[in-house]
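First the structure, in the form of structure tokens, and then the observations on it.
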Amino acid sequence: GDRVHRPGEGRAVRPRRNARRGRPLQRRPRAGPPRRRRPPGRGAAARARDRRRRDHQPVGRGARAALHRRRAPRQRTRRGAARPVRRVGGVPARPRRRLRVPQAPARHGAVGGVPAAGAARGGRRDRRHRLRPGGGPRRRRARRPRAHPGHPHRGDHRRRPCRPEPADGRPRGPDQPALGPRPGRRTPHRGRLHGRPLVAGHRRGPAGRRGPDRAPHAPPGGAVDPRRPSEAPMKALVSRLDSFGDVLLAGPAVRAVAARADHVTLLCGPRGEPAARLLPGVDEIVVWNAPWAGFEPPPVDRADIERLLDRVDADTALVLTSFHQSPLPTALLLRLAGVRRIAADSVDYPGSLLDVRHRRAPHAHEAEAALDLAEAAGFPCPDDGRLAVLPPPDTTELTGPGPYVVLHPGASVPARAWSAERCAQAVRELTAAGHRVVVTGGRGEKDLTAHVAGSVALDLGGRTEAPELSGVLAAARAVVTGNTGPAHLAAAVGAPVVSLFAPVVPAERWRPWGVPYVLLGDQDAPCAGSRARTCPVPGHPCLESVTAHDVRAAVEKVMQA
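Heads up: the sequence shown begins at 439 in our numbering, then just goes up one per residue.
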């Protein structure tokens with residue numbers, strides 16, 4: 439029949455087994471001879487030895503063999519009557535799977551049970567409990583163990599692939615008009631300086647906890663979702679306070695913000711306003727001449743700043759800057775205007791001015807860096823990430839029928855412009871090779887374009903604003919220009935570019951983006967990286983080394999691409 443195990447006989451069913459909160463089953467000791475008493479004086483020596491060892495740290499992980507050599511804890515022999523006999527002969531002593539054995543409930547205050555009320559829990563004799571599977575000190579790991587939550591993991595500066603077109607049917611890209619006002623907006627939220635803390639680093643999390651820079655409902659990949667269910671619809675602001683070309687390079691990031699926000703405001707400077715009016719996804723444009731931006735910044739005017747604070751109305755903001763610019767002055771004004779959430783690339787310590795402090799990838803292009811910041815702020819790229827503008831107008835009346843090549847000789851920075859004589863030589867070289875040439879320029883460049891065009895090219899100097907210029911460039915087979923705004927406008931309309939690039943700024947950051955291009959100019963010239971407005975090297979060798987023959991060869995090469 440079934441074998442019966444009685445208390446105190448043989449081996450326990452499962453020695454040293456503690457099934458959850460039940461009492462451990464161990465071998466019950468038998469009565470043995472009384473232990474020999476310790477000789478006098480040994481207790482005092484042991485206590486003195488223990489005092490000398492108080493400063494010693496316990497061993498956290500000794501050899502496992504030593505653990506098995508330890509003697510099992512003994513139980514008291516005189517404990518009263520034994521429990522009733524249980525028939526467990528059919529239960530294997532060492533089952534291969536987990537098996538629960540019926541046990542008596544733990545005594546009140548026993549090890550493994552509920553501690554007695556008011557009883558102090560004693561410390562462990564050693565730290566062998568950390569050797570068990572799943573053991574270790576009871577310390578909680580940080581939920582988001584990164585220096586700045588919402589940021590990409592360290593060393594991962596690559597932008598994830600852009601997602602396809604959003605399913606909401608809203609227009610995005612160069613062939614759709616800008617987003618107009620949409621219904622369903624909430625009442626504009628006005629920020630207040632009084633009654634609202636300006637410290638942006640702490641907010642209440644999804645479970646009522648407070649933590650630094652923790653945004654609820656964070657999407658995977660480290661990005662932070664700026665939209666909360668209780669705060670939709672959302673008003674967003676994108677700031678780019680410098681020139682025409684820089685605003686065009688911010689276009690992909692603006693479209694990323696517009697894909698999720700209900701209203702997008704673009705804060706730009708006077709020189710960037712014409713480009714801002716060409717970008718898709720912009721609902722409102724705020725023009726402000728910042729005292730810290732541009733080549734001729736205005737003096738600080740308190741009344742002007744207060745007027746700007748009254749105009750800004752946004753829930754979240756993206757401050758776009760170049761790698762050598764600081765976003766903190768703009769972030770301070772936006773915080774004073776009541777913008778609750780601000781994201782920017784910042785090397786300097788931002789204090790409470792930024793909620794998302796992003797570190798730009800080294801050597802990243804300006805357009806790519808802006809997209810990376812937008813994604814870190816919770817606005818993933820909705821399309822291919824190329825430059826785009828509103829559909830350009832038909833400019834056949836200006837250019838006439840037939841293919842042509844555009845040469846734009848001017849530049850906002852003198853150090854980036856090719857000399858007028860070299861431009862005129864290039865026009866004659868291209869005309870001799872059978873290309874029809876159109877020369878473009880702004881209102882203040884009529885004399886320059888007239889000299890360059892001569893009698894062999896079409897002079898459009900001063901006859902095109904930004905929309906018309908985009909149409910002229912869109913129909914060109916190739917565009918020859920320096921590192922200036924029209925180069926980025928040509929890339930936005932998909933025209934190949936021959937870039938006469940002066941290395942006063944890095945070409946890896948400001949080269950034509952997303953289109954075939956050929957880079958001309960000595961990128962290792964002494965002026966490289968100087969960011970100078972006027973070339974500091976006599977003779978302008980970085981661009982004067984380029985010949986008209988080089989330009990013709992580059993045009994033919996880029997047209998084949």
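Here a beta-carbon is modelled for each residue, glycine too, at the ideal position from N, C-alpha and C. Here the structure is a predicted model, which is why all the values come from computation and not from measurement.
Legend entry - Cβ-Cβ distance between V785 and V750 below 9 Å: At least 9 Å separates the beta-carbon of V785 from that of V750.
Inset, instruction - Take every Cβ of the segment 940-955, pair it with every Cβ of the segment 868-886, and state whether three or more of those distances are shorter than 8 Å. - result: No, the segment 940-955 is not in contact with the segment 868-886.
Legend entry - Proximity of S937 and R949 at Cβ, strictly below 9 Å: The answer is yes: Cβ separation under 9 Å.
Inset, instruction - For L772, I'd like the list of residues in its chain whose CB is within less than 8 Å of its CB, leaving aside the five on either flank, ordered along the chain. - result: For L772, where only same-chain residues beyond five positions count, the Cβ hits under 8 Å are L675, S677, V750, A752, A755, V757 and I780.
Inset, instruction - Would you please state the rounded distance, in angstroms, between the beta carbons of G952 and A929? I believe it to be under 8 Å. - result: Indeed, because the Cβ distance is near 6 Å, the residues count as touching under 8 Å.
Inset, instruction - Pull up the distance between the alpha-carbon of A904 and that of P712, whole angstroms please. - result: So the two alpha carbons sit approximately 6 Å from each other.
Legend entry - Cβ neighbour criterion (16 or more within 10 Å) applied to F682: With 16 or more other Cβ atoms within 10 Å, it is buried.
Legend entry - Backbone CA spacing between M672 and Q863 [nearest angstrom]: Rounded to the nearest angstrom, the two C-alpha atoms are 54 Å apart.
Legend entry - Host alpha helix (DSSP H) of V890 (start-end): Per DSSP, the continuous alpha helix (DSSP H) segment holding V890 begins and ends at K884 to A891.
Inset, instruction - Assign V984 to buried or exposed, taking buried as 16 or more other Cβ atoms, counted over all protein chains shown, within 10 Å of its Cβ. - result: So V984 ends up on the buried side.
Inset, instruction - Can you give me the Cβ contacts of A812 inside the same chain, cut-off strictly under 7 Å, excluding the 5 residues immediately before and after it? - result: A691, A694, V695 and L756.
Legend entry - Extent of the continuous alpha helix (DSSP H) run through R715: For R715, there is no enclosing alpha helix (DSSP H), as DSSP gives it neither H nor E.
Legend entry - R860, enclosing alpha helix (DSSP H) - first and last residue: That run of the alpha helix (DSSP H) goes A858 to A870.
Legend entry - CA nearest to the CA of F817, picked from H987, L981 and A699: Closest in C-alpha terms to F817, from the list H987, L981 and A699, comes A699.
Inset, instruction - Note down, in chain order, each residue of its chain lying with its Cβ closer than 8 Å to the Cβ of R866, except the 5 sequence neighbours on either side. - result: So the qualifying residues of the chain are G892, V894 and A986.
Inset, instruction - For A999, count neighbouring C-beta atoms within 10 Å of its own C-beta (all shown protein chains included) and say buried if the count is 16 or more, exposed if not. - result: The residue in question, A999, is exposed, as its Cβ has fewer than 16 Cβ neighbours within 10 Å.
Legend entry - Any C-beta of chain B under 9 Å from that of D742: As a matter of chain content, chain B is missing from the structure shown, which is built from one protein chain.
Inset, instruction - Find the nearest neighbour of G848 within the set T834, Y842, M997 and S857, judged by alpha-carbon distance. - result: For G848, the closest C-alpha among the options T834, Y842, M997 and S857 is that of S857.
Legend entry - Contacts around H701, its chain only, beta-carbon distance under 6 Å, and the 5 residues preceding and following it disregarded: By the criterion of a C-beta distance shorter than 6 Å, H701 is surrounded in its chain by K673 and D721, once the five residues flanking it on both sides are discounted.
Legend entry - Coarse secondary structure for C980, derived from DSSP in three states: Residue state, collapsed to three classes: helix.
Inset, instruction - Run the CB neighbour count on T834, radius 10 Å, all protein chains shown included, and call it buried at 16 or more, exposed below. - result: Within a 10 Å sphere around the beta-carbon of T834 sit fewer than 16 other beta-carbons, which makes this residue exposed.
Inset, instruction - Return yes when the Cβ of A807 is within less than 9 Å of the Cβ of V794, no when it is not. - result: With contacts defined by Cβ atoms closer than 9 Å, V794 and A807 do not form a contacting pair.
Legend entry - Delimiting residues of the beta strand (DSSP E) encompassing L791: According to the DSSP assignment, L791 belongs to no beta strand (DSSP E), since it is labelled neither H nor E.
Inset, instruction - Express the C-alpha separation of A769 and L791 in angstroms, rounding to a whole number. - result: Their backbone Cα atoms lie some 6 Å apart in a straight line.
Legend entry - Counterpart residues of I723 in DSSP-defined beta bridges: Paired residues: L704.
Legend entry - Close-in-space but distant-in-sequence residues of the same chain around L704 (CB under 6 Å, 5 per side omitted): Beyond the five residues adjoining it in sequence on each side, L704 comes within less than 6 Å, by CB distance, of V676, A714, V720 and I723 in the same chain, given in chain order.
Legend entry - Alpha-carbon to alpha-carbon, S850 and F733: Distance between the alpha carbons of F733 and S850: 10 Å.
Legend entry - Limits of the unbroken beta strand (DSSP E) element including A782: Its beta strand (DSSP E) spans residues R779 to D783.
Legend entry - Among T837, Q961 and N727, the one whose alpha carbon lies nearest that of G707: Of the candidates T837, Q961 and N727, the one whose C-alpha sits nearest the C-alpha of G707 is N727.
Legend entry - Pairwise C-alpha distance: D748 and T922: Each residue's Cα considered, the two are about 33 Å apart.
Inset, instruction - Would you give the residue range spanned by the beta strand (DSSP E) that A916 belongs to? - result: Counting along the chain, the beta strand (DSSP E) containing A916 begins and ends at A916 to G920.
Inset, instruction - My understanding is that L686 touches L828, with C-beta atoms under 8 Å, so please give their C-beta distance in whole angstroms. - result: With a Cβ gap of about 12 Å, L686 and L828 do not count as contacting.
Legend entry - Backbone secondary structure at D821 - three-state DSSP: Coil, per DSSP.
Legend entry - Which of helix, strand or coil DSSP assigns to G853: Reading the sequence as shown, one finds Ala at residue 853 and not Gly. A853 falls in the helix class under three-state DSSP.
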